[in-house]
Structure formats: structure tokens, C-alpha cells
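**Student:** One line per chain: the protein sequences are A and B, in this order. The numbering of the first sequence is the numbering used here, which starts it at 49 and goes up by one. The numbering of the second sequence is the numbering used here, which starts it at 10 and goes up by one.
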Amino acid sequence: ETGVTQSPTHLIKTRGQQVTLRCSSQSGHNTVSWYQQALGQGPQFIFQYYREEENGRGNFPPRFSGLQFPNYSSELNVNALELDDSALYLCASSLPDRGDTEAFFGQGTRLTVV
Amino acid sequence: EDQVTQSPEALRLQEGESSSLNCSYTVSGLRGLFWYRQDPGKGPEFLFTLYSAGEEKEKERLKATLTKKESFLHITAPKPEDSATYLCAVQASTGANNLFFGTGTRLTVIP
């Protein structure tokens with residue numbers, strides 16, 4: 049167990065709706081990264097938050113947005129859902145301040161858009 | 010542009026039959042190369058980080074090695090419980106410390 053928890057574990061939404069996914073980082077970790085993993089593919093970087101500020105973004109449209117809270121937990125919001133948004137959404141936490149480069153992942157949220 | 014290519018895409022081994030998985034990478038300055046194991050429907054589980062060419066790390070039946078252009082994950086005498094997808098990722102020395110993943114090697118170990 050990594051100590052990174054995500055909720056919900058599964059979700060079904062209709063095209064055009066909005067969704068919020070949640071992540072609690074490992075104790076003491078101040079950096080949270082979100083990834084999208086389509087079936088049969090490797091995870092793709094969406095964005096990263098470091099101490100409540102966005103610290104980098106991958107090639108995803110603005111309808112993917114996020115937040116990090118003072119306790120370092122995080123949310124991923126996706127507006128105007130499309131069928132291609134169906135994927136496993138992964139959250140990873142790390143502590144780069146200490147020089148630690150390892151990222152520890154949660155179990156993921158499986159999002160299905162119908 | 011960062012690129013990670015893993016081969017083979019899928020590998021079937023008999024229990025006890027040792028083999029290697031390959032990860033070729035291109036990155037603008039390597040901060041670290043990572044190996045993860047992923048079981049179906051679960052999040053990736055951290056295995057190793059390698060930082061410089063020539064470095065090696067071992068954990069049980071797994072050994073990871075690194076050169077300037079590729080990394081190998083050697084599996085010695087695998088067991089059925091080693092069946093999983095093995096993901097390789099690189100982290101660049103500039104920008105956000107995000108991971109750039111390959112598509113993985115799906116390993117099946119047959120009893």
C-alpha cells in the first residue's frame with residue numbers, strides 16, 4: 049500500500065457532463081501529479097501541483113483542470129466529457145524537496161463515458 | 010521530444026524461464042529512469058529508480074540495469090505471481106518532475 053488514495057474507484061458519466069475525481073497524497077508529500085491511462089497504453093501526464101500551484105502541464109485541453117488543497121490533497125475536474133475521456137485516471141504523490149524522485153500511485157479511478 | 014519504447018509488447022514465459030525486458034529512451038537530460046509493475050485495473054507499483062549509466066538495482070527475482078540509451082529489466086526464474094505489465098518511464102532533468110511512460114510489456118508466466 050502506498051498511502052495514496054483515490055475516490056471514487058469507478059464512475060459512469062454521460063457525454064457532456066462534468067466530473068470531479070479526488071486524491072489524498074501520501075503523508076508528507078507536497079506534490080501531486082495526475083495521469084490518464086487508456087486501455088493498453090502507458091499513463092499520460094495531465095498536470096502536476098506543487099504546494100497548491102500548477103507546476104507543469106501535459107498536452108491536455110483546458111477542460112481538464114485541477115486544484116491542490118493546503119493539506120496537499122487534490123482534485124481533477126473534467127468538463128464537457130467526451131467518449132475518449134474514458135480511461136483509468138491515476139494520481140501520484142512525491143516529495144521532490146527532499147530530492148526524492150519516486151512517485152507513488154493510487155489505485156486509480158476508472159471513468160466510463162457513455 | 011522525450012520518447013520511451015518498450016519491447017516486446019507481450020512475453021509468455023514458462024515458470025523458471027529467465028528473460029529480459031527492454032526499454033529504449035530519448036530524453037533531454039535524464040533525471041531518472043523508473044520501472045513500475047502494474048496489475049490489471051490497479052495503479053502502478055514502484056520497483057526501481059536508476060540515475061546513471063552503469064547503475065544496477067535488484068529486488069527478489071528482478072534486476073534493472075541502465076545504459077545511456079536503454080534499460081533492461083532482467084527476470085530470473087520467474088513465478089506465475091510475476092505476471093503483470095511492466096512499465097518503464099523517464100523523468101527529464103528540466104521542467105516539472107513528471108514521468109514519461111512507455112506502453113509497457115505484458116508478462117505472462119505459465120506454471
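Note that the Cβ used here is the ideal one computed from N, Cα and C, for glycine as well. Just so we're clear, the structure is a prediction, and the values are computed from it rather than from any experiment.
Residues in the same chain with beta-carbon distance under 7 Å from P56 of chain A, minus the five sequence neighbours each way, listed in chain order, please.
**Tutor:** Answer for P56 of chain A: T157, listed in chain order.
**Student:** Please return the same chain residues whose Cβ sits closer than 6 Å to the Cβ of V67 of chain A, not counting the five positions on each side in sequence.
**Tutor:** Excluding residues within five positions, the ones whose Cβ falls inside 6 Å are K61 and V126.
**Student:** Ignore the nearest five residues each way along the sequence and tell me which others in Q12 of chain B's own chain have a CB closer than 6 Å to its CB.
**Tutor:** Here the set comprises T35.
**Student:** If I'm right that L30 of chain B touches L82 of chain B with Cβ under 8 Å, what's the distance once you round it to whole angstroms?
**Tutor:** About 4 Å; that satisfies the 8 Å criterion.
**Student:** So, is the C-beta of L75 of chain B closer than 8 Å to a C-beta in chain A?
**Tutor:** Judged by the 8 Å Cβ criterion, L75 of chain B is not in contact with chain A.
**Student:** Mind pulling the chain B residues with CB within less than 7 Å of A151 of chain A?
**Tutor:** Per Cβ cutoff of 7 Å: L108.
**Student:** Residues bridged to K66 of chain B by DSSP?
**Tutor:** Bridge partners of K66 of chain B: B:A73.
**Student:** Assuming Q85 of chain A is part of the beta strand (DSSP E), what are its boundary residues?
**Tutor:** First-last of the beta strand (DSSP E) with Q85 of chain A: T79 to Q85.
**Student:** Looking at the C-beta of G113 of chain B, does it have a partner C-beta in chain A at a distance below 8 Å?
**Tutor:** At least one chain A Cβ lies under 8 Å of G113 of chain B.
**Student:** Using the C-alpha atoms, what's the distance from G90 of chain A back to T112 of chain B?
**Tutor:** Going from the Cα of T112 of chain B to the Cα of G90 of chain A covers about 4 Å.
**Student:** What's the call for F117 of chain A, buried or exposed, on a 16-neighbour Cβ count within 10 Å?
**Tutor:** It is exposed - the Cβ of F117 of chain A has fewer than 16 other Cβ atoms within 10 Å.
**Student:** Would DSSP call V131 of chain A helix, strand or coil?
**Tutor:** Here residue 131 of chain A is Leu; the residue named in the question, Val, does not match the sequence. The answer is helix: DSSP assigns L131 of chain A an H, G or I state.
**Student:** Whose Cβ in chain A lies nearer than 8 Å to the Cβ of R70 of chain B?
**Tutor:** Result: empty, since nearest Cβ-Cβ is about 21 Å, beyond 8 Å.
**Student:** Would you kindly work out how many angstroms separate the C-alpha atoms of F95 of chain A and L136 of chain A, rounded to a whole number?
**Tutor:** When rounded, the distance between both Cα atoms is 15 Å.
**Student:** Please report the Cβ distance between R70 of chain B and D48 of chain B, rounded to the nearest whole angstrom; I am assuming they are in contact, meaning their Cβ atoms lie under 8 Å.
**Tutor:** R70 of chain B to D48 of chain B, Cβ: 16 Å. No contact.
**Student:** Measuring alpha carbon to alpha carbon, tell me which residue in A:H58, A:T79 and A:F153 is nearest G51 of chain A.
**Tutor:** When each option's Cα is compared against that of G51 of chain A, the closest is A:F153.
**Student:** Check whether the Cβ atoms of S27 of chain B and A86 of chain B sit closer than 8 Å, and answer yes or no.
**Tutor:** A contact, by the Cβ cut-off of 8 Å.
**Student:** Expressed to the nearest angstrom, what Euclidean distance is found between the alpha-carbon atoms of D133 of chain A and V161 of chain A?
**Tutor:** The straight-line gap from Cα to Cα measures roughly 7 Å.
**Student:** Since A19 of chain B sits in a beta bridge, which residues does DSSP pair it with?
**Tutor:** B:R115.
**Student:** Beta carbons nearer than 8 Å to chain A: which residues of the region 92–105 of chain B have them?
**Tutor:** So the list reads L96, A98, Q100, G104 and A105, given in the order they occur along the chain.
**Student:** DSSP state of E102 of chain A, grouped into three classes?
**Tutor:** DSSP places E102 of chain A in strand when its eight states are reduced to three.
**Student:** Quick check on the burial criterion: 16 or more other C-beta atoms within 10 angstroms. Buried or exposed for Q65 of chain A?
**Tutor:** Counting Cβ neighbours within 10 Å, Q65 of chain A comes out exposed, since fewer than 16 surround it.
**Student:** Considering just the uninterrupted stretch of the beta strand (DSSP E) at L30 of chain B, what are its terminal residues?
**Tutor:** Here the beta strand (DSSP E) through L30 of chain B covers S28 to T35.
**Student:** Kindly list, in the order they appear in chain B, the residues whose Cβ is closer than 7 Å to that of Q96 of chain A.
**Tutor:** By Cβ distance, chain B contributes A105 and N107.
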